[in-house]
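457 is the number that full-length UniProt numbering gives to position 457 of the first sequence; each next residue is one higher, with no gaps. Structure first, then comments.
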Amino acid sequence: MDYQFQKIEKDWQKFWAENKTFRADNQSGKPKYYVLDMFPYPSGAGLHVGHPLGYIASDIFARYKRLKGFNVLHPMGYDSFGLPAEQYAIQTGQHPSVTTEDNIATYRRQLDQIGFSFDWDREVRTSSPDYYKWTQWIFMQLFNSYYDKDADKAQSIAKLVAHFESNGSAGVNAVCDEEVLSFTADEWKAFSAQQQQAELLKYRLTYLRESTVNWCAALGTVLANDEVKDGFSERGGYPVEQKKMMQWSMRITAYAQRLLQGLDHIDWPEPLKEMQRNWIGKSVGASVRFPLEASPKSSPKERTSEEGSNSLSFGEGRGEAASYIEVFTTRVDTVFGVSFLVIAPEHELVAELTTPGQKADIETYIAQTKKKSELDRMADTKTVSGAFTGSYVTNPLNGEKVPVWIADYVLAGYGTGAVMAVPSGDQRDFLFAKHFNLPIIPIIDIQNIEIEADPTKEGKYINSDFINGLGYKEATAAVVARLEELGLGKAKVNFRMRDAIFGRQRYWGEPVPVYFKDGLPYLIEEQHLPLLLPEIDKYLPTESGEPPLGRATDWSYKAEGKVSPIGEDLEGAEAFYAYELSTMPGWAGSSWYWYRYMDAHNDQEFASREAIEYWKDVDLYIGGSEHATGHLLYSRFWNKFLKDIGKVVEEEPFKKLINQGMIQGRSNFVYRLIDEEGKGTNTFVSHGLIKEYKTSPLHVDVNIVENEVLNVNKFKAWREDFADAEFILENGKYICGVEVEKMSKSKFNVVNPDDLIARYGADTLRMYEMFLGPLEQSKPWNTNGIEGVFKFLRKFWKLFHDADFNFNVSDEAPTKAELKSLHKIIQKVEQDIERFSFNTSVSSFMIAVNELTDLKCSKRAILQELVITLAPYAPHICEELWTLLGNPAGTISTAAYPIFNPAYLVEDEFSYPVSFNGKMKTNVSLSLTMETADIEAAVLANADVQKYLDGKTPKKVIVVKGRIVNIVI
RNA sequence: GCUCAGAUGGUGGAACUGGUAGACACGCAGGACUUAAAAUCCUGUUCCCGUUAAAGGAGUGCGGGUUCGAUUCCCGCUCUGAGUACCA
Numbered sequence: 001m002d003y004q005f006q007k008i009e010k011d012w013q014k015f016w017a018e019n020k021t022f023r024a025d026n027q028s029g030k031p032k033y034y035v036l037d038m039f040p041y042p043s044g045a046g047l048h049v050g051h052p053l054g055y056i057a058s059d060i061f062a063r064y065k066r067l068k069g070f071n072v073l074h075p076m077g078y079d080s081f082g083l084p085a086e087q088y089a090i091q092t093g094q095h096p097s098v099t100t101e102d103n104i105a106t107y108r109r110q111l112d113q114i115g116f117s118f119d120w121d122r123e124v125r126t127s128s129p130d131y132y133k134w135t136q137w138i139f140m141q142l143f144n145s146y147y148d149k150d151a152d153k154a155q156s157i158a159k160l161v162a163h164f165e166s167n168g169s170a171g172v173n174a175v176c177d178e179e180v181l182s183f184t185a186d187e188w189k190a191f192s193a194q195q196q197q198a199e200l201l202k203y204r205l206t207y208l209r210e211s212t213v214n215w216c217a218a219l220g221t222v223l224a225n226d227e228v229k230d231g232f233s234e235r236g237g238y239p240v241e242q243k244k245m246m247q248w249s250m251r252i253t254a255y256a257q258r259l260l261q262g263l264d265h266i267d268w269p270e271p272l273k274e275m276q277r278n279w280i281g282k283s284v285g286a287s288v289r290f291p292l293e294a295s296p297k298s299s300p301k302e303r304t305s306e307e308g309s310n311s312l313s314f315g316e317g318r319g320e321a322a323s324y325i326e327v328f329t330t331r332v333d334t335v336f337g338v339s340f341l342v343i344a345p346e347h348e349l350v351a352e353l354t355t356p357g358q359k360a361d362i363e364t365y366i367a368q369t370k371k372k373s374e375l376d377r378m379a380d381t382k383t384v385s386g387a388f389t390g391s392y393v394t395n396p397l398n399g400e401k402v403p404v405w406i407a408d409y410v411l412a413g414y415g416t417g418a419v420m421a422v423p424s425g426d427q428r429d430f431l432f433a434k435h436f437n438l439p440i441i442p443i444i445d446i447q448n449i450e451i452e453a454d455p456t457k458e459g460k461y462i463n464s465d466f467i468n469g470l471g472y473k474e475a476t477a478a479v480v481a482r483l484e485e486l487g488l489g490k491a492k493v494n495f496r497m498r499d500a501i502f503g504r505q506r507y508w509g510e511p512v513p514v515y516f517k518d519g520l521p522y523l524i525e526e527q528h529l530p531l532l533l534p535e536i537d538k539y540l541p542t543e544s545g546e547p548p549l550g551r552a553t554d555w556s557y558k559a560e561g562k563v564s565p566i567g568e569d570l571e572g573a574e575a576f577y578a579y580e581l582s583t584m585p586g587w588a589g590s591s592w593y594w595y596r597y598m599d600a601h602n603d604q605e606f607a608s609r610e611a612i613e614y615w616k617d618v619d620l621y622i623g624g625s626e627h628a629t630g631h632l633l634y635s636r637f638w639n640k641f642l643k644d645i646g647k648v649v650e651e652e653p654f655k656k657l658i659n660q661g662m663i664q665g666r667s668n669f670v671y672r673l674i675d676e677e678g679k680g681t682n683t684f685v686s687h688g689l690i691k692e693y694k695t696s697p698l699h700v701d702v703n704i705v706e707n708e709v710l711n712v713n714k715f716k717a718w719r720e721d722f723a724d725a726e727f728i729l730e731n732g733k734y735i736c737g738v739e740v741e742k743m744s745k746s747k748f749n750v751v752n753p754d755d756l757i758a759r760y761g762a763d764t765l766r767m768y769e770m771f772l773g774p775l776e777q778s779k780p781w782n783t784n785g786i787e788g789v790f791k792f793l794r795k796f797w798k799l800f801h802d803a804d805f806n807f808n809v810s811d812e813a814p815t816k817a818e819l820k821s822l823h824k825i826i827q828k829v830e831q832d833i834e835r836f837s838f839n840t841s842v843s844s845f846m847i848a849v850n851e852l853t854d855l856k857c858s859k860r861a862i863l864q865e866l867v868i869t870l871a872p873y874a875p876h877i878c879e880e881l882w883t884l885l886g887n888p889a890g891t892i893s894t895a896a897y898p899i900f901n902p903a904y905l906v907e908d909e910f911s912y913p914v915s916f917n918g919k920m921k922t923n924v925s926l927s928l929t930m931e932t933a934d935i936e937a938a939v940l941a942n943a944d945v946q947k948y949l950d951g952k953t954p955k956k957v958i959v960v961k962g963r964i965v966n967i968v969i
């Protein structure tokens, strides 16, 4: 039979499913290997040809590892909570779970067609209650934990309570809100339960607080920083504004240092690690307090907690007048160059600092900055603007009077929202000083500040009191020491990363397992998990602007017992408490899912101890780099937390990570002829001739174009108005234009894997996706060339068959040449897979099959091994041939990868390339056992070489044994 | 602006540690088979000069450098893509 891929592929996919060929066991004598793909959000559009790229690569790797004797865990699931299903629900009234279900069915069908070796018994769906029960459970553990800086890990909140009970707040070194109370043990005990709860909330790893959020009115929800691009929502492109809201947050900043350090120990692409480093944004510097002019010197040592908190930290606490402004600086050595202070327009002290005389100015300026959108503010970095408050602070080291300004180049969200301006060393301060005529004080002898600021660290200090004459390092140390002595500053590490907002005003997400009592949040009891998403009448905010869950009629909790059903006797109604109305964000379910695969059906734990200790972590994770600062950071955070509380064993979840490149679209164009009146005609000009005519380009469906040649008949059938289109051809063909764009329906450049599989089969698709180029490189999809891979598989099939397609394999002993071809490919594929260079192994397979075809090789000894090496790439055809070779069905998946024998590659002769001054001219074939001196003599004696020498004596002859001869003349 | 990645034939790409640049495939051209087409097979295909062959010259974004020898290493520049954006 000819290569009948459709039948073969269907048969084997059925066989794998029925026999659970790829089921992984949680115990095995084999070493474990965990290959994970980033699970997809099941969108309504289904898979396009770009999606499976990473899945194919990981599948090849997983299948290869099985052949290499590993117990491989290779699961797949769905990140099935998300906005699109909800948007669709709003439009159609259809429950998101219904559309999600449908979309998953489509995904599953498409995935199955490609022949992946997933263990489907372990499938997870983040929107399934069996799954989100454990997402909620992890949330509860976070709520019940705080970060102890001395132990440098998360600890049970009970431990903190015990500390408060015996020692009060003294000696607590924890990551917390900036405004925590100082109290004794007795005072703590005297607090009401409510006061205690309010205080503990300031320490919990997930907590509620009023924060400035990215509010997207069009989507009706808040967005995480990584979901906002240039002031617009990443999804949909709607405007995003800053708004203050009560929000659940995750204290990820507690882990900033560990998240940073962990990067040094994982095998991830360097650019991705760099992105995380930038996102975390560690800067080492100092905090410095500038006392306010009029007020008496503060006694700042009483403050309990600003350390480690990343948030704004102003004043002495609530209700009291501030006595200083705190700034963060990375150049504390330049403190004698401070000629003014700048605080953000949103800074808490602005009103207090503004003198009556300056009030009008300041108010005008604030109004002006408020009007500017986030986008304008970012785009416009050149215009200098600001206003003087009228107040002064004192330089803590030289007592000089320093004016306080406000300006929008200082961001409220970073550091303390205030900077000490050193115009001689900082370009922004320099421009500001020039613009407003403020003094610019040189502080380093070699500084050149004629035209711009000079941030040098070289040279000696001048105009700088006790550090005059010192160098950078000593000066910094001396200034910090003096500030500490004065109690007006200290060395400080600042992180740019903020705590992550953990709530969406949306329906289609995990409910937060929290109810409210007297305005404070409490966890529901663990036995009541999962807290199921309630049914609601429509998926919109309530009339009063509450999130959609506010529409649920029975959305409350009875602490001692059960969830209140509607219409229940209202006796004891005061014991029913309202649930949280927001739901968890998209990243909640994806921040731990790799553990659920380890033990997907466990209803006692998120995964059993045994399963976690066996599988430990993900050995290879493949996915897109777009998740660099979202999913991949949050997952590392949750993993570290789970490690801290002893639930998992590894500090980092993903040992090795590979980013597959994005597949871009490749659009084709036709060119409509424009007539004299400037109107479009129904005549189309071939691309090569468009310079001679007036035309306008028009996207054309790439599926009716082959090798840039338009199928004219299909084009006429494509759209009614083209039915009687006419064409101006070149060489009898209509050639289309080409452009690389995003793959999207509106550009008619979407290529569907289903169509390609129907035409060429999954094995061809798999190999072609790999053949396209290096996995990590982004590239446009181009179906041109898929024929080459298809031909290769047919040729491969033919090796096992005679001219009439009868299966025909001989048991003759292989020749040296055949063994050489085989072992070349065994070695090559092994090396290529280990370095994830799948495209080069496809070429090598082609070379091997070409060679064996030329050798007319049909020997079992060769082909049986070749089939195993190809099986990870083209599993269906290999299963079929493996069975035809007489092996039990399905056993190729666990066959042993052939052992490479270098002896078969040993050559005794080598054709030395001989170059003259580095330019290759001729070859001389010599024995590989020859020594350098003999090679030189033999080469020089060669007739061709003599000809090139043309009687000249070589100046030098370089001989590299087994490689090259270079003659210098 | 900063950070990172990249630039090789008509196209996708290969060349792994500095050692024959262009493997493999597409496309194109020519040929075989065929009444014809499709399919299949064979040959050629970096560019320039050359009637063919030979011979010669140029050549991995641009300009320099190191080296017997550079796509590979170093310096400077241009362009493309990604991330980030007044981070004090």
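Note that beta-carbon positions come from the ideal geometry of N, C-alpha and C, so glycine has one too. Since we're looking at a predicted model, the values are computed, not measured.
Using a Cβ-based criterion (distance less than 7 Å to any ligand heavy atom), does residue i qualify as near the ligand MN?
i, result
"Leu181", "Summarising the ligand content, the structure contains no ligands, and the ligand MN is consequently not present."
Run the CB neighbour count on residue i, radius 10 Å, all protein chains shown included, and call it buried at 16 or more, exposed below.
i, result
"Phe118", "buried"
"Gln864", "buried"
"Ala552", "buried"
"Thr416", "buried"
"Pro296", "Per-residue confidence for Pro296 stands at a pLDDT of 41, beneath the threshold of 50, marking its modelled position as unreliable; no derived number is given."
"Ile969", "exposed"
"Gln368", "exposed"
"Ile892", "buried"
With DSSP run on the structure shown, which of helix, strand or coil describes residue i?
i, result
"Gly665", "strand"
"Trp279", "helix"
"Asn19", "helix"
"Trp12", "helix"
"Ala607", "coil"
"Gln247", "strand"
"Trp638", "helix"
"Asn682", "strand"
"Arg794", "helix"
"Asn923", "strand"
"Trp615", "helix"
Since residue i sits in a beta bridge, which residues does DSSP pair it with?
i, result
"Asn421", "According to the sequence as given, residue 421 is Ala; it is not Asn. BP columns for Ala421 point to Phe340."
"Val965", "Val914, Val959"
"Gly236", "DSSP output for Gly236 lists no bridge partner at all."
"Lys733", "Glu730"
"Pro291", "Tyr324"
Find the nearest neighbour of residue i within the set the options, judged by alpha-carbon distance.
i, options, result
"Lys816", "Leu201, Leu852, Asp186, Lys747", "Leu852"
"Glu676", "Glu187, Tyr693, Thr329", "Tyr693"
"Leu354", "Pro439, Val288, Gly390", "Sequence check: residue 354 is Thr here, not Leu. For the residues Pro439, Val288, Gly390, the minimum Cα distance to Thr354 belongs to Gly390."
"Lys647", "Gln91, Asp2, Ala154", "Ala154"
"Trp134", "Trp405, Glu812, Ile60, Trp592", "Trp592"
"Phe191", "Gly115, Ser169, Gly386, Pro345", "Ser169"
"Lys202", "Val213, Ser182, Asp186, Thr221", "Ser182"
"His801", "Ile847, Leu632, Leu884, Ala943", "Leu884"
>> Runs of 3 residues minimum, wholly inside the stretch 458-512: which ones carry the beta strand (DSSP E) assignment?
In response: Runs found: 489-495.
>> My parser needs the alpha helix (DSSP H) runs of 4 or more residues fully inside the UniProt domain "Methionyl/Leucyl tRNA synthetase" (38-145); what are they?
In response: 52-67, 83-92, 96-114, 129-143
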